[in-house]
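Enquirer: Residue numbers (the UniProt record's numbering): 1 to 328. Using N, Cα and C, we set each Cβ at its ideal position, and we do this for glycine too. Bear in mind the structure is a predicted one, so any value in this text is a computation, not a measurement. Following this message is one structure expressed as structure tokens.
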Amino acid sequence: MALILIKNFMGAKENSNQLSAVDFFCGAGGITCGFREAGITVWGGVLILMMAKNWSIKEVALIVGDYFDMLIKELSGQSYNKSEHRRNLQNILNNRSEGSIEFKHQNISAVLIELGLPYISGYKPRSNYQHLLKAAVEDYLAANAELEETINQLLSEDIKPPESDNFLNSKVEVPEFTLSVNEPSTSNRYQAKRNYYREELRNRKLGLLGEEFVISYEKQKLITLGKESLADKVEHISQTKGDSAGFDVLSFNKDGNEQFIEVKTTQMGKESPFYFTRNELGVSQQKNDKYNLYRVFNFKKQPKFYQLKGALDESCESVSTQYMGWPK
């Protein structure tokens, strides 16, 4: 276990204090520090960073099992306490900090998104994970074949419109995160039966309810701005003109300028990736600053959305996932 000493740590006290490694990041003397999984102790003004060992197979297996226990509870609407889960894990892991455990949970979220599976919305995905972790997730899924069927049943339950009629507090900031999208796995450990993010694209009921949610938001927003006449002109384009229009809702800003809105809805968390078509990309480039993508998430529990403005190839990261071919 390596020791790194940084003298005269600002704010350090004579007594020993445990700090959270997950919040610590520095750059000094040409050395970059990012000790996400370090144990940090302050002794008499000297910051001591205890670099943690890589997670063992046993540790990874334990935290993966714990993650899926929480995931099933979340998808089924059961209450659970993330902090309690972290504390319980500390008792059986090799002196891992709560910050280290939370970071590993976030790594698992990234693995599940890569596999096309739902994740715990409170654990923002972080992609810089050990290969051992992905293998452990795949092994767990392969050994618990009934788990994916349980997930499918929970996500297939009847979807209802949101009960609240106050839509103005639904908009949130665009999330900041990075996903590494890899080539499809050739591992024999586990092959997902379905990609839930792709399947949601074909869920017409979910899509329709998401569009109606956005229409309610747009109308309420315009009425609040004193633009009742514009609110009356908001149009559900995907219903009146079809999907070929390349956007779902026609709305207006406070100045009366048209706004073209494409709606992407998921039952899953804010960081869930979404799919868009070549036609939608082309329309977004044509409409440009008048084009908006509204990403509606957590639809089953408490729908929120964030807004991406402008051409899709400029407002979001994208990767080709499908090709069309013909004989040479």
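Straight-line CA distance for Gly-210 to Phe-299?
Expert: 8 Å
Enquirer: Express the C-alpha separation of Met-324 and Lys-53 in angstroms, rounding to a whole number.
Expert: 46 Å
Enquirer: Taking three-plus beta-carbon pairs below 8 Å as touching, is the segment 228–240 in contact with the segment 252–272?
Expert: yes
Enquirer: Work out the CA separation of Thr-265 and Gly-207 for me, nearest whole Å.
Expert: Take the alpha-carbon of Gly-207 and the one of Thr-265: they are about 6 Å apart.
Enquirer: For Glu-235, collect the residues of the same chain with a Cβ closer than 6 Å to its Cβ; drop the 5 residues on either side in sequence, then sort them by chain order.
Expert: Around Glu-235: Leu-250.
Enquirer: Note down, in chain order, each residue of its chain lying with its Cβ closer than 7 Å to the Cβ of Gln-220, except the 5 sequence neighbours on either side.
Expert: Phe-167, Leu-168
Enquirer: Keeping to the same chain, check which residues put their C-beta closer than 7 Å to that of Asp-66; ignore five residues upstream and five downstream.
Expert: His-85, Leu-89
Enquirer: What is the residue span of the beta strand (DSSP E) that Asn-88 lies within?
Expert: First-last for Asn-88: 82–90, but that is the alpha helix (DSSP H), not the beta strand (DSSP E).
Enquirer: Beta carbon of Ser-79, beta carbon of Gly-269: below 7 Å?
Expert: no
Enquirer: Does Glu-211 come out as helix, strand or coil in the three-state DSSP assignment?
Expert: If DSSP states are grouped into helix, strand and coil, Glu-211 belongs with the helices.
Enquirer: If we count the other Cβ atoms within 10 Å of its Cβ and call it buried at 16 or more, is Val-319 buried or exposed?
Expert: exposed
Enquirer: Secondary structure at residue 329, three-state DSSP: helix, strand or coil?
Expert: Residue 329 lies beyond the range of the chain shown here (1 to 328); nothing can be said about it.
Enquirer: In this structure, does DSSP put Gln-78 in helix, strand or coil?
Expert: coil
Enquirer: Could you spell out where the alpha helix (DSSP H) holding Lys-264 opens and where it closes?
Expert: Taken as a continuous stretch (DSSP letters only), Lys-264 belongs to no alpha helix (DSSP H), being part of the beta strand (DSSP E) at 258–265.
Enquirer: Between His-105, Gln-153, Val-64, which has its C-alpha nearest Glu-138's C-alpha?
Expert: Val-64
Enquirer: Reducing DSSP to helix, strand and coil, say where residue 331 ends up.
Expert: Since the first residue shown for the chain is 1 and the last is 328, residue 331 is missing from the structure and cannot be characterised.
Enquirer: Taking C-beta to C-beta, are Lys-205 and Ile-159 nearer than 7 Å?
Expert: yes
Enquirer: So, helix, strand or coil for Val-172, using DSSP?
Expert: coil
Enquirer: Pick out whichever of Asp-289, Leu-147, Leu-293 has its Cα sitting closest to the Cα of Phe-276.
Expert: Leu-293
Enquirer: In terms of alpha-carbon separation, which member of Pro-175, Glu-262, Asp-248 lies closest to Arg-126?
Expert: Pro-175
Enquirer: Classify Gln-307 as helix, strand or coil using the three-state DSSP reduction.
Expert: strand
Enquirer: Between the alpha carbons of Ser-56 and Ser-97, how many angstroms are there, rounded?
Expert: When the Cα atoms are used, Ser-56 and Ser-97 turn out to be separated by approximately 15 Å.
Enquirer: Could you tell me the alpha carbon to alpha carbon distance between Cys-316 and Gln-106, rounded to whole angstroms?
Expert: Cys-316 and Gln-106 have their C-alpha atoms spaced approximately 21 Å apart.
Enquirer: Which residue from Glu-59, Gly-282, Glu-173 puts its Cα closest to that of Ser-100?
Expert: Glu-59
Enquirer: So, helix, strand or coil for Val-249, using DSSP?
Expert: DSSP places Val-249 in strand when its eight states are reduced to three.
Enquirer: Please say whether Lys-287 and Phe-260 have beta carbons closer to each other than 7 Å?
Expert: yes
Enquirer: For Arg-295, which of helix, strand or coil comes out of DSSP?
Expert: Residue state, collapsed to three classes: strand.
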